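What follows is a single structure, written as C-alpha cells, with notes after it.
Number of protein chains: 4
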Amino acid sequence: MGYDAVYDKLKDECGIFGIWGVGQQEEAANFAYLGLHALQHRGQEAAGIVSTDGETLHVHRDMGHVADIFTAEVIARLKGGAAIGHVRYSTTGESHVRNAQPFAVEYAGGAVAVGHNGNLVNADQLRTELEAAGSIFTSSSDTEVIVHLIARSKVNHPPGSPAQLMGSVREALARVSGAYSLLFLTPSAMVGVRDPMGFRPLVLGRLKGQWVMASETTALDLIEADYVREVEPGELILVDRDGLRSERLFPDRPAETRLGRCIFEAIYFARPDSILFGRSVYATRHAFGKRLAVEHPVPADLVVPVPDSGVPAAIGYAEQSGIPFAMGLVRSHYVGRTFIEPSQQIRHFGVKLKLNALKDVLKGKRVVVVDDSIVRGTTSRKIVKMIRAAGASEVHLRISSPPTSWPCYYGIDTPTRQELIAATHDQPQIATYVTADSLGYLSLAGMYQAIGEKRETYCDACFSGEYLIDFPKRPAMARSLRVVGT
Amino acid sequence: MGYDAVYDKLKDECGIFGIWGVGQQEEAANFAYLGLHALQHRGQEAAGIVSTDGETLHVHRDMGHVADIFTAEVIARLKGGAAIGHVRYSTTGESHVRNAQPFAVEYAGGAVAVGHNGNLVNADQLRTELEAAGSIFTSSSDTEVIVHLIARSKVNHPPGSPAQLMGSVREALARVSGAYSLLFLTPSAMVGVRDPMGFRPLVLGRLKGQWVMASETTALDLIEADYVREVEPGELILVDRDGLRSERLFPDRPAETRLGRCIFEAIYFARPDSILFGRSVYATRHAFGKRLAVEHPVPADLVVPVPDSGVPAAIGYAEQSGIPFAMGLVRSHYVGRTFIEPSQQIRHFGVKLKLNALKDVLKGKRVVVVDDSIVRGTTSRKIVKMIRAAGASEVHLRISSPPTSWPCYYGIDTPTRQELIAATHDQPQIATYVTADSLGYLSLAGMYQAIGEKRETYCDACFSGEYLIDFPKRPAMARSLRVVGT
Amino acid sequence: MGYDAVYDKLKDECGIFGIWGVGQQEEAANFAYLGLHALQHRGQEAAGIVSTDGETLHVHRDMGHVADIFTAEVIARLKGGAAIGHVRYSTTGESHVRNAQPFAVEYAGGAVAVGHNGNLVNADQLRTELEAAGSIFTSSSDTEVIVHLIARSKVNHPPGSPAQLMGSVREALARVSGAYSLLFLTPSAMVGVRDPMGFRPLVLGRLKGQWVMASETTALDLIEADYVREVEPGELILVDRDGLRSERLFPDRPAETRLGRCIFEAIYFARPDSILFGRSVYATRHAFGKRLAVEHPVPADLVVPVPDSGVPAAIGYAEQSGIPFAMGLVRSHYVGRTFIEPSQQIRHFGVKLKLNALKDVLKGKRVVVVDDSIVRGTTSRKIVKMIRAAGASEVHLRISSPPTSWPCYYGIDTPTRQELIAATHDQPQIATYVTADSLGYLSLAGMYQAIGEKRETYCDACFSGEYLIDFPKRPAMARSLRVVGT
Amino acid sequence: MGYDAVYDKLKDECGIFGIWGVGQQEEAANFAYLGLHALQHRGQEAAGIVSTDGETLHVHRDMGHVADIFTAEVIARLKGGAAIGHVRYSTTGESHVRNAQPFAVEYAGGAVAVGHNGNLVNADQLRTELEAAGSIFTSSSDTEVIVHLIARSKVNHPPGSPAQLMGSVREALARVSGAYSLLFLTPSAMVGVRDPMGFRPLVLGRLKGQWVMASETTALDLIEADYVREVEPGELILVDRDGLRSERLFPDRPAETRLGRCIFEAIYFARPDSILFGRSVYATRHAFGKRLAVEHPVPADLVVPVPDSGVPAAIGYAEQSGIPFAMGLVRSHYVGRTFIEPSQQIRHFGVKLKLNALKDVLKGKRVVVVDDSIVRGTTSRKIVKMIRAAGASEVHLRISSPPTSWPCYYGIDTPTRQELIAATHDQPQIATYVTADSLGYLSLAGMYQAIGEKRETYCDACFSGEYLIDFPKRPAMARSLRVVGT
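Chains as they are written, first to last, in my numbering: chain W, 114 to 599; chain B, 114 to 599; chain H, 114 to 599; chain U, 114 to 599.
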C-alpha cells in the first residue's frame, strides 16, 4: 500500500513488430505498416517505423494512428528489406513525438533503433546514474536508458558486428530490471529479446524466407506469415544475412523457474484472434466465462457482453448457464476524437458515444452483463445504468477476472491504487456503487483452473499484489527540471 | 433484365438529422453533430450541417467522417437553435464537396437547405427539363433538382412564410418520383417529409421541447431525445416558432395502400439498436436467423457470424439449432484508409484488413457461417476460404435474406444486375463459387413470416424484381459535358 | 455623397488567366498555375483553375495562395489542353470556397466555367429578377448572375456550338452593367470579353500556337508567351479548334467614345513589370514621381519610398528633384499570417511587421516619403511616425496620385466614403493627422499630363467622383435570409 | 585547394533570439516568435522555440516558416517568462525535425536548451571521441556535440546553479573550435556566448527590464527593444533572477587580437536595416556601391540592382556615377514552394519565378547590373540573359564584393570550391560565361577602404582563402551507418 505514488514516469502500453528479409522485396516498411495496423489496439497514440537498406536507418515517427501516419509517400521513403515498428499509448500527458518509438540513434557502434514493450522498474535509477556519467536525454521513455547502456557497453567486438550487438544488448539488459520485449534494428541485423520472466508477449513468424517478430500473432496473420513459436522468456534472437540465431539472453544465469506472463493480456489487452503464450485468447476468455457461470450463477433471461472484449466470456457464460446470449449493447465503430458535450448535459455522455443499449432487447429482462474487468468503476456504473434505463428489470454484473486491486508496473496502463475501486471497496460496496443487483468476480484460483494453467507461470500482481520484481518503494525524486514538447 | 445500365448517375446512401429548438441552448449544430455521428454508418464519405440563427443559414460541408469534419471551431461557427445535417456515401467516383449535402441556396423565397436520403427515378428527366428552362446545376445530385423545383414553384404566399415553404415543397415533390426522406431548413422553419410509399426511414423525437427528426432512432438515443413515432409515409411535418404541424404531403391524392418500406434496411443497413418501421432491428435480424435455421438446418459444431451485421442472425440461428455460437471471425476497429498491398501478394488482402479467422476456434470444426447477404460473391468467397484455411472441416454458408438478384433504384447502393451473382447464377453455382459445402438463403415468404409482417408494406425489389415505382427503361442520354471537382 | 452604404455586397479584386492549346502538351493547368502565380498580387484569398479535356470540365478551387492550393497531385487531376484560372481577394467576411472562382456549372448548353474580374453595378437587381423567375443561387458573387443569364439565353444554336456560346454570352452581357473582364471555358471553346469601357485590363498572348489571355502581361512573361495586344474594350475573342476569332461584343451598339480604363491599376494595383493599357506601369509611376516633384518640391536630404509600390515614383521624384534616393524603409518578405500582439503593446505593430525604418540612414535627415495613395490615413500616420522615431528631422509626405475621395464600384476594393480620409478632411487636416511636416498630392491634371494621356480614356472616379456608369443610389434591400459557409 | 570535399556534414545558416524577463508578462514565447520572424531571412527551413516557466523547458520545433509553425495554440503552450528561439537553413538534404533547434535535453545538471549559429570545425572529431566514450546522437548537428560536452563537464557546482552552467559551458566551449554564437536556456538562466574571434553576430538589447539577445538588431526593432551593444567576441553573458552578468568566456586565455567578423554578413546575409558589428548594413552596402563605381566605371544609361540584396549598392553606384537608378528587375513576393516546370520548357525557369525584367525600362539601354556576389555563376548568367532579352543593348555586371573563391567553414552556406566559378575561372572567363559585356568586382582592399575598417577585424576567407581557424584537411571518415528521418 502506498506504492501508488511511486511511479509518475511515463507508462506505456505498446506493440512491436519487426521483419528481416534483406535482398528480397525491399518492402519491409510496408509489411511493418500492415503488422502495426494489426497491433493498433495495443497503442493508438503514436507510431513509428525504422527501416534499413543495409547502410542507413530510415526513421518516421508521428502522433496518431498507423493508417494516418504511414502514407504511400512516407512508406516509399522507408527503404530497405528490414524494418521494425512500434505503436504506443501513453498514460501521461506527455504526448510528444519526442517519446515516440522506435528510438533511433548513432553511437560508436553505428546506428541502432529500438522498440520496447514493457516497463523497467529501475529506469529512473539508471537514468540518474547515466546522467551522472554525462549522458543526455531527449525523451522521457525507458527505451532511451537501454540505448545509453548499449552505447556505454564495454564489449569489444568490431563495430557493427553481430557479436558487438549481442554483447552490448546483453550488457545493457543485465543492468535493467522489469518487463521488456524488445526489437533492435541495425543496418546489419535485427535482434528480438524477451525478459527472463516473459512478462510481455513476443512471437516468431516466417514469411517465405523472411523472419518476423511481433507482439501478437494477429500481425503474422495479416501478412500471411506462419506462426513459428513464441520467443521464449530469456531468449535472444538475432537475424542477419547468415540467418537466425537463438541464444539465451543471460547464459550465465539460471533460467527463471517463476515466470511472469501477463494474465491481463489474456483477459483484456490482446486481440481475441491472437495465440498468446501458446493459447488462443478467445478460447481463454470463453473458458473464463464458463467458469464465471459456475462460480456466480444467477437466474436471468439474457447474457449480454460489454463489447468487444467481453464477448467471448459472455458466450462462455451463456453456454454454461443455458441463458440466451444477446448483443444488448451496440458499439459504435466511429469513435476517435474528442466530442463536445452540449451544455444541456447528456447522461453517461462518454460511454454513450461508444455504446448504446437496445431497449427492445433488454426491456423487462433480467440481464447478466459480462465485462472483463472493473478499474475505477465509473464506466461500469454508467453501463449498468444504461441497461437499466433501457428497461432491464435486473442487472447482474459478472466480471471475467478477479478484482483489480493493484497497479501494474510491468507495462499495462493502470491508475494508481487509490483510483482502483477494488483497492478501496469490498465487493458489496462495489455492487452498490455500480448499482448492480448482484456482482460476481471470477476467482483467482478459478481463473487458472479454467484454463488448466499453473499460476507459477503467470504474473497476476494486479489481482494479488504479488509483484514478481521488486521496485523502489519510495517515490522517485521529483524531476523538477524537465523538457516537454516536440 | 437489361435494366442495369440505366442508372449511371450518382447513387447515394445517406443519413439525415434535424433539430429545431430556437430560443433554447442555441447549440443545435452540436446536437446535429452528435446525431450525425450516430448515423455515420449510413454514409462515411462526406458530411454537412446547416444551422440557422433565424436570419442566416450557416453551412459547413466537407469530405470525411463527422468527427473529423466538425471541430469545435467549426461547430462554433454554425450558430443558432436549429440545424439539419447529412452523411453521405456515394457509389460513383464523384467524391467532391460539390456533391455533399445539405444543399443550401438562396432563391426568391429566401434561403433554404435540403438534406436527402433516397433516390429519384425521374431526376435525369427533370434535370433535362429544368436545364431547358434555364436552370444551372452545380452538383450531380438529385437534391439540386428538388431545390430548383421549389425555386420555380408557382405557389404565391409571402416569402419565408410556412405556407410558402409547405406549398412549394408540395409542388416540387408532386413532380418527383422515387424514394425520399427529406429535411428542409429555412431561417424560420424545419420541414420533414417522407415519400408516400415510405421507402426510407424517418423518425420523430422530442428533446425537452425541441423537435428532432432522424433517419434512425440511434441518433435520438445518443442525444437522449425520446422516440415519439415514425414520420409516416406521405406525411409532411413542419416545425416553426408556433410548434409542430403534421399534414398530408399530397392531400389531394389517396393514401398509398401499397407501401415500400425498405426490407434491406432491416436486413443490413440500419444499426441493430435502431427501431426501424416500428420494429427492433436486432429482434428482426434475430428472428431471421431463427427462421433460417428452420429452413436450412445442417449438422455442425459452431455457428459463426460475419461481424458485425451478421451477429444477431447468427445468435438466432444458434439458438434455434442448438449449435454453439462463436465469434470465429474478428473484425478490426481501425480500418479507414487505403492500404498498399505488398508486391508479394497477400491472399484475400482486402478482407483480411477487416477480418481475421480464429484458427484455434475453427480448427477441425463444422462451421455454419451466417451473413446478411451476398452481393457479388467475391467477399463471401474470401471469407469461406479464410475460414477453411483456419482449419474448419466444413463451411456451411447461411444468408439471412433471399438472393439479391436485382439492383435497388430507391436509395441502397447496389451494383448493376450483371454484377449480382444471384442474378446470373443459381444457388448450387453460387455455393460452388464461394466454395461453401452448402448454401442456404432465407426464403422471401419465410422472411416476412419470421417477423409477422405483411409483404404489401415492404419493398423487396432487390430480391423479387418487383419494382414499386417505374423508372426509365432506357439509359439516360450520356451527359457528355460535365463538371467534376471541388 | 451618401453613396457609401449602397454596396454591401461582395466586392472582389481579382486576376484571371486562360490558355487554349488543345492537342498540344495537355498541360494547360500547369500553365494556368504559373500564370496565376504571376497574378497572385491581384488576389491572395482564394484561387481556382478549371481545365478541360474536350469533354469534361475539371475544377479545383480553394482558399489560400496559388502555390499552396495547386500541388502536383491537384494539377495532375486537372487534365486537358485548355484551362482558365482565377485569383480572388474579397473585402467582406465572406471568405468561403462557395465564392471562389471560376464558377463552373452544367446547363442546357452543356458545361461552362467563368472567371470574372470587375464589378457589376446591377447585379443585385438582376439577381432579384432571376430569383423571381425561379433561379437559385449558391454563391454571393456577381459571376453567378452572369451564368444564370447565359443559361436563360433565348439564343437557339446547337448546344455546345461556338455560335451558341457567343450568342448566349452576348445576350447575358447585354443585361449587365458595370466593369468586367471575363474568361469563359467550355469543353470546346474559350472566350475572353472586356466590357465596352474597358475598366479592367485583359491582354492577349501567344505561346507557340497556344492562345493566352490574362489580366496582366506579367503572366505572359513568366510562361514566355509573347504579348500580342490588349483585348480591346467591347471586344469578344473566341478560341476553339478552328483558331481565334475576334468580334465586337455588341455589334449593334456604337463603340464607346468615353473609355473607363482604371487609372488606379496604373497607380497601385498592377505589377510594375506589366504593360497596362499599352503603357509600362513602371514608366507611368516613374513619370508620376517626376511630376510630383515639379508640383510639390521641398528642400530635403533624402527621397524614401514606401516599398514596394512607391518605389518607381520615388525614383522619379529623386531624379527630378536631385535629392538622393534611399531605401529608408525595409519590407519583410515573410508576412502572411495573423500575428498576436504581445500584451505589452508594440507601437505601430501592424505596420512594423511589414516595414522597418533604417535609423542610420534616416537619422537627422529631412526626408521626402513617397507613397502611391492615402486611403484611411492610419497606415500613413504610422509610417510617418516610424520615420520620425528613426531620427528624421523632417518628414514630407508626397503622394503620387490625387486624393482618394470616392469609393470604387468597378472592381477595386475601397472602403466606404466615410472611411476615406480625403473625403472628410482637407489636405492641411490630413497632413496634421498623419503628422507630416508637409503633404503634397499629385494633381488630377498633372497625372494625365505626366503620361501624355487623355482623361477621356480613363476612369478616375475614385479621385473625381465622376462615375462613368450609374449605379443604384439607394442601398439594396437588405438580404435578410442568406447562406454562408462552405 | 582540394579542401572542398572535407566537409560533407550539415552546414547551417541560422538566426537566434533570446529573451529573459521572468516575472513580467510571461509571454516570452510570443516575443521570441516575433524576434524569429524578423530573423526569418537567416533560415527558412525549420524553426523552434524553447520557453521556461522556471521549472520545465517547453519545446516546439518544426519544419517551415516561423509564421506557419507558431500558431496561437502553440505559443500558448510555450509558457513562461523566458525563451530562446532558432531559425535554420540547412544545405544538405537532411531536412528533418531531428535536426531542428533549439536542441533541448535533460542531463545531470537539469534541463538545458541550446540554439547555435555558426559552424564548428572539429565537430566530427569531437563526435567520434564522444561516441567512443559512450555518447549517443539523435541528430547530425554540431549543437548536440556541445550539449554532450556540457553534460560530461567535470565542473562541480550545485546542479542548476549559475556557476555550474557557466562552468560547464566554458569547459565545453574550450574543447570546440570554430565559429559560434550561442544561446543557452535553463529553467533558471539564459546564457549568450560569442566565440573569441566573433565570426557570427550577436547583439544585446533591453525591453523594459527584460534582456534580449539576437543575431541581428532587426529583431530588437520589431519588438521595440533598445539596442544596447554587441555581445563582444569572447564574451559570455548570463542573465538570471539576479540580473545580467558579463564575463570573459575564457578568462585564462589572452584576448584575440585578430578578429573574424564575417564580412559576408555585411555584403549579403544580414538585413539592410540591421546594425551589424556596430555599422549600418545599408550604409555599408551603399558605400561598397560607391566604391565599386570608382573602381569599375562604365558609360551606361541605367543602374539596375538585383533585388533585394543588390539595392543599396546599386543606389551607391548610381549616386557615385551619376547614372540614373532604375528598378529594372521586379521580384515576386510569393515564392516559397516547388513549382513544376512544364514539359515545354521555360528559359531561366527558376530565376523567372522570382524575377522579371522590365522590357519598357530596359529596351535599348546600356545597363549596369549590380549584385552582391557571384557564387556558381548560373544565376548571374540567367539574369544577364533576361536583361538582354528584355532589350538592353549592353549589360555590365558589377559585383559589390571580391570574387568568391573559397568555401566558408564558419557558418555561411557555400558550395564546394569546385562549384565556385571564381575558384576555377578568371574574370574574363566569368564575364564570358555570364554573357556580360563587362564585369567588375569590388577589390578586397577597396572593400575595407570604402567603410574605413581594418581588415584584421574581419574574416574574408571566402575571398582570400585566409582561414583564421584551421580545420581538418582530410575528409572526415565516411559515416556509413546513419539515421535519417523524423
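Backbone N, C-alpha and C fix where the C-beta goes; we use that ideal spot for every residue, glycine too.
Note that the structure is a prediction, hence the values are computed from the model and not measured.
Identity of the residues DSSP links to residue i by a beta bridge
i	result
A327 of chain U	U:F130 and U:V316
A226 of chain W	W:A217 and W:L298
S551 of chain B	B:H509
R392 of chain H	H:L389
G231 of chain H	H:Y293
R494 of chain U	None, per the DSSP bridge assignment.
L468 of chain H	H:R444
DSSP three-state assignment for residue i, whether helix, strand or coil
i	result
D473 of chain W	helix
F584 of chain U	coil
P418 of chain B	strand
R460 of chain U	coil
C575 of chain H	helix
H199 of chain H	strand
L152 of chain U	coil
Whole-Å CB distance - residue i paired with residue j, under 8 Å assumed
i	j	result
V234 of chain B	Y522 of chain B	6 Å
L286 of chain H	L362 of chain H	6 Å
Sequence-distant residues of its chain with Cβ nearer than 6 Å to residue i (five each side left out)
i	result
E507 of chain W	R479 and D550
K340 of chain W	The residue asked about is misnamed: residue 340 of chain W is Tyr in this sequence, not Lys. Same-chain partners within the cutoff: G318, T330 and L333.
N269 of chain U	none
I564 of chain H	T397 and A400
Cut-off 7 Å between Cβ atoms - residues of its own chain near residue i, not counting five sequence neighbours on either side
i	result
N336 of chain B	The identity of residue 336 of chain B in the sequence shown is Ile, whereas the question assumes Asn. Closer than 7 Å at the Cβ level, and outside the excluded window around I336 of chain B, lie F144, L147, G148 and L320.
L552 of chain W	L510, Q540, I543 and A544
F452 of chain U	L466
A368 of chain B	G347
Sequence-distant residues of the same chain with beta carbon closer than 8 Å to residue i, five excluded per side
i	result
E454 of chain U	F462
P420 of chain U	M440, L442, V443, R444 and L468
If we require 4 or more residues per run, which alpha helix (DSSP H) segments fall completely within the region 157-187 of chain B?
179-182
Sequence ranges, beta strand (DSSP E) only - wholly within the region 323-377 of chain U, length at least 3
323-327, 339-343, 348-353 and 356-361
In chain order, what are the residue ranges of uninterrupted alpha helix (DSSP H) at least 4 long that sit wholly in the region 515-559 of chain H?
534-537 and 540-546
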